[in-house]
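Number of protein chains: 2
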Amino acid sequence: MVAVADQLFKALADPTRRTILDELTEKSGQTLFEICSRLSMRHRLGISRQAVSQHLAVLESAGLVETRREGRYKFHDLNTAPLRHIAERWPLPDASGPEGNTP
Amino acid sequence: MVAVADQLFKALADPTRRTILDELTEKSGQTLFEICSRLSMRHRLGISRQAVSQHLAVLESAGLVETRREGRYKFHDLNTAPLRHIAERWPLPDASGPEGNTP
DNA sequence: ATGATAGGCAAGTAACCACTTGCTTGTCGA
DNA sequence: TCGACAAGCAAGTGGTTACTTGCCTATCAT
Chain D
1 MVAVADQLFK ALADPTRRTI LDELTEKSGQ TLFEICSRLS MRHRLGISRQ AVSQHLAVLE
61 SAGLVETRRE GRYKFHDLNT APLRHIAERW PLPDASGPEG NTP
Chain X
1 MVAVADQLFK ALADPTRRTI LDELTEKSGQ TLFEICSRLS MRHRLGISRQ AVSQHLAVLE
61 SAGLVETRRE GRYKFHDLNT APLRHIAERW PLPDASGPEG NTP
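Here it is in structure tokens:
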């Protein structure tokens, strides 16, 4: 459906959200507060907790982030699977060899 | 640079622009008017010529569309190379298995 | 229980973006 | 040269969105 791609690309459109994805790529399973502090420490992003929370909601609706709750903690895990949708939609020019296979 | 990715993802954020990319995937080297008529015919998109022109400008600044001028015609060619940037930034889970999740 | 910690909900605001409208430039055929 | 066609430029507008502010809920340690 179009709606899925719509959420996906809209989620990727914001630089802060992309930075969050970077952060989760490096360390998956972070809590909201952990993401907040790392964004401000490592990326010098002065951003409120609520803003990050809203960004995470957008990423989750796009399927790029999955969450699991444990007690009062909520862990956020990265899921890059939806990105495959992009590569399948517009085929890349031949790079050097077949892709999707790590030798 | 961040600015390049910024233009790229912003360009992909709009559904009309993605449809234009689809159209150019199918037939590269179209003029502005050709793209307009095909958008309205094949995709039922009632959109003005200027709107398409602005979309093409965004796509071009993102490097997804390249143009060449011949007389009074300006042809638009698709270039999916910038999309490789996405796959490199967030590595996809292994495609061999049905569901990829690192244990 | 009480205070502290982790997170959620909702409304308001300022900036951004897609689209339109109107006019202008440049190129080709008659 | 004149008219028609392809495209460019610029300002204005309505809707979207990122962010803040303020308050509320839930879980845990003491």
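Protein chains in written order, with full-length UniProt numbering: chain D, 1 to 103; chain X, 1 to 103.
Cβ coordinates follow ideal geometry from the N, Cα and C atoms, glycine included.
Alpha-carbon spacing of residue i relative to residue j, whole angstroms
i, j, result
"X:D14", "D:L45", "26 Å"
"X:L56", "D:I47", "33 Å"
"D:R69", "D:G29", "11 Å"
"X:P93", "D:E66", "15 Å"
"D:W90", "X:A81", "10 Å"
"X:G71", "D:E88", "35 Å"
"X:E60", "X:L83", "13 Å"
Cutoff 8 Å; reference residue i; Cβ partners in own chain excluding five residues on either side
i, result
"D:T31", "Y73, K74, F75 and H76"
"X:F33", "R49"
"X:I35", "I20, E23, L24, V52, L56 and H76"
"D:S40", "G46 and I47"
Burial state of residue i, where buried means 16 or more other Cβ atoms lie within 10 Å
i, result
"X:V2", "exposed"
"residue 106 of chain X", "The question about residue 106 of chain X has no answer, for chain X in this structure spans 1 to 103."
"D:E26", "exposed"
"D:R17", "buried"
"X:H85", "exposed"
"D:V4", "exposed"
Beta bridge counterpart(s) of residue i as assigned by DSSP
i, result
"D:L78", "D:V65"
"X:Q30", "X:H76"
"D:E70", "D:Y73"
Same chain, Cβ closer than 6 Å to residue i, neighbours up to 5 away in sequence not counted
i, result
"D:A62", "Q7, L8 and A11"
"D:R38", "E23"
"D:E42", "The sequence given here has Arg at residue 42 of chain D, not Glu. For D:R42, where only same-chain residues beyond five positions count, there are no Cβ hits under 6 Å."
"X:V58", "A11"
Cβ-heavy atom distance, residue i to the ligand NAD, below 7 Å
i, result
"D:T31", "As for the ligand NAD, it is missing from this structure, which has no ligand bound."
Residue span of the alpha helix (DSSP H) that contains residue i, given as start and end
i, result
"D:L45", "It is not in any alpha helix (DSSP H) - D:L45 carries neither H nor E in the DSSP assignment."
"D:A5", "V2 to L12"
Own chain, CB closer than 7 Å to residue i, minus 5 neighbours either side, in chain order
i, result
"X:N79", "G63, L64, V65 and E66"
"X:S53", "L32"
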